[in-house]
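Counted the way our numbering counts, the sequence shown spans residues 2 to 358.
Backbone N, C-alpha and C fix where the C-beta goes; we use that ideal spot for every residue, glycine too.
A quick write-up on the structure given underneath.
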Amino acid sequence: MVRCNSADLGPDFQLVFEESPDDVLVLLPDTPRYTAVAATKGRLGSMDRTRQQIIGQSVFDLVSGPRAGSPEDLLASLERVLATRVPDTIEVRYLRFQNIPILSPSGEVRHILHRTVDATEWEREIDRARRELDAFSHSVTHDLRGPLHSIDGFCELLQEENAGQLNAEGRDRLNMVRKAAQRMAQIIEDLLRFTRLSRGELRRMPFELSMLARSVAMQIQGGKDGRPLKLKIQDGVNVDGDPHLLQIVLENLLSNAWKFTSKRADAEIEFGSGQSDADGRPGETYYYVRDNGVGFDMREFQGTGVGLATVKRVVERHGGRVWAVGQVDKGATFYFTLVASRTSAHWAAVSKWDSAG
2 MVRCNSADLG
12 PDFQLVFEES
22 PDDVLVLLPD
32 TPRYTAVAAT
42 KGRLGSMDRT
52 RQQIIGQSVF
62 DLVSGPRAGS
72 PEDLLASLER
82 VLATRVPDTI
92 EVRYLRFQNI
102 PILSPSGEVR
112 HILHRTVDAT
122 EWEREIDRAR
132 RELDAFSHSV
142 THDLRGPLHS
152 IDGFCELLQE
162 ENAGQLNAEG
172 RDRLNMVRKA
182 AQRMAQIIED
192 LLRFTRLSRG
202 ELRRMPFELS
212 MLARSVAMQI
222 QGGKDGRPLK
232 LKIQDGVNVD
242 GDPHLLQIVL
252 ENLLSNAWKF
262 TSKRADAEIE
272 FGSGQSDADG
282 RPGETYYYVR
292 DNGVGFDMRE
302 FQGTGVGLAT
312 VKRVVERHGG
322 RVWAVGQVDK
332 GATFYFTLVA
342 SRTSAHWAAV
352 SKWDSAG
């Protein structure tokens, strides 16, 4: 967010701005057109156009092409800037589009800086490092499986064949060793699952997320301790995504909700979706898993942390994000998004300007 008085921006500032190597457009907030009124030298070079060919054009005529993403994503981002008066960023492959409001002294959005950042080399280095880390994690976890299996197996033999030679304290200690080995084995399985998430192809298709959530919840409830639970699943939540990967997301979130409501006699878990205002970003569809458990006080419960990292990895592969809210002893809600929303207003606005062009 930038506050300025246009009277303070003289010809010297205009010269400095126009000679900047950064890829920047200055847009009017004339939704849904967003007219370009200034451009940097970096922008002219990236488009191979003159300043006269850019000024007065709609931003949607200036960011076309496969590397620019969809016009409705850009329109949604610009609308969020107008509504919240805070910067918003969208990403397409290795490009980041930053929309930054310039506010008048009275706080109104006077212009929007539309900045394009090409992070190709930086992202490639991150991808390379991530692949190396995944390969290392995969190798280490495989190497740990054997020794842990041996520890658990020999402890089990001791329990079966030498139980009479152990006193109560010895049997308790043996049980503790087995539980620790089994817990470590579960962590390793979680890590292996986590490293595999970035390797497979993302297979998107339209499907009903409500049905998947209901199936996962019933499996968790049936396979656990059978305690009473009030389960609420919103009907008709449809998404476009990878069903297998999103099943992993729901398994982790619903399992966490089940675990953290274990001390509630009136345990409640809810899955649903909403629009726009879950955390202050308009124009967004979000999905959530809510419970009335312990909230964020995790000290009384076991948890590896790998589950939520897995959720984050899957959601980010779908172009979304994850966040949570909660209070101690009052439950928690985990939210996630998958893609930018496609509201009828967005489609209507884009169609209007396409037809006008």
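Quiz item: Should the region 156-166 be regarded as contacting the region 104-119, the criterion being three or more beta carbon pairs within less than 8 angstroms?
Solution: Judged by Cβ distances under 8 angstroms, the region 156-166 makes no contact with the region 104-119, as fewer than three pairs qualify.
Quiz item: Below 8 angstroms, can you find three or more Cβ-Cβ pairs linking the region 40-54 to the region 74-84?
Solution: The region 40-54 vs the region 74-84: no contact.
Practice problem: Identify the continuous beta strand (DSSP E) that holds isoleucine 103 and give its terminal residues. | Solution: 96-104
Exercise. Would you check if the region 140-148 and the region 48-63 touch, i.e. whether three or more CB-CB distances between them fall below 8 angstroms?
Key: no
Self-check item: Distance between tryptophan 123 and valine 87 (C-alpha atoms, nearest Å)
Solution: 26 angstroms
Quiz prompt | CA nearest to the CA of histidine 115, picked from Thr262, Thr142, Asp24 and Arg215 | solution = Asp24
Exercise. Provide the residue(s) that pair with aspartate 153 in DSSP beta bridges, ordered along the chain.
Key: Aspartate 153 is not bridged to any residue.
Quiz item: When the Cα of leucine 230 is compared with those of Val238, Ile249, Val240 and Thr262, which residue comes out closest?
Solution: Put simply, of Val238, Ile249, Val240 and Thr262 the residue whose alpha carbon is nearest the alpha carbon of leucine 230 is Thr262.
Exercise. Would you be able to state if there are at least three C-beta pairs under 8 angstroms between the region 170-180 and the region 206-225?
Key: In this structure the region 206-225 does not touch the region 170-180; the number of beta carbon pairs closer than 8 angstroms is below three.
Quiz item: Out of curiosity, what's the CA-to-CA distance linking leucine 192 and threonine 334?
Solution: 24 angstroms
Quiz item: Sorted by chain position, which residues of the same chain lie with C-beta nearer than 8 angstroms to arginine 228's C-beta, five sequence neighbours on each side aside?
Solution: Ser263 and Ala268
Self-check item: Proximal residues to alanine 186 (C-beta, below 8 angstroms), its chain only, five neighbours per side dropped
Solution: Arg146, Leu149, His150 and Asp153
Exercise. Let me know if arginine 359 comes out buried or exposed under the rule of 16 or more other beta-carbons within 10 Å of its beta-carbon.
Key: Because the chain is modelled from 2 through 358, residue 359 falls outside the range shown and cannot be assessed.
Exercise. On the DSSP bridge assignment, give the partners of alanine 40 in chain order.
Key: Leu26
Quiz item: How close, in whole Å, do the beta carbons of phenylalanine 137 and arginine 314 come, if the pair is a contact with beta carbons under 8 angstroms?
Solution: Incorrect: roughly 16 angstroms between the Cβ atoms, too far for contact.
Self-check item: Cross-strand partners of glutamate 239 (DSSP beta bridge)
Solution: Reading off the sequence shown, one finds asparagine at residue 239, where the question assumed glutamate. Asparagine 239 pairs with Glu209.
Quiz prompt | CA nearest to the CA of arginine 291, picked from Ala310, Gly171 and Asn253 | solution = When each option's Cα is compared against that of arginine 291, the closest is Asn253.
Practice problem: Spatial neighbours of leucine 336 within its chain, please: CB distance less than 6 angstroms, with the 5 preceding and 5 following residues excluded, ordered by chain position. | Solution: Reading off the sequence shown, one finds tyrosine at residue 336, where the question assumed leucine. Excluding sequence neighbours, tyrosine 336 sits near Ala279, Tyr287, Tyr289 and Trp324.
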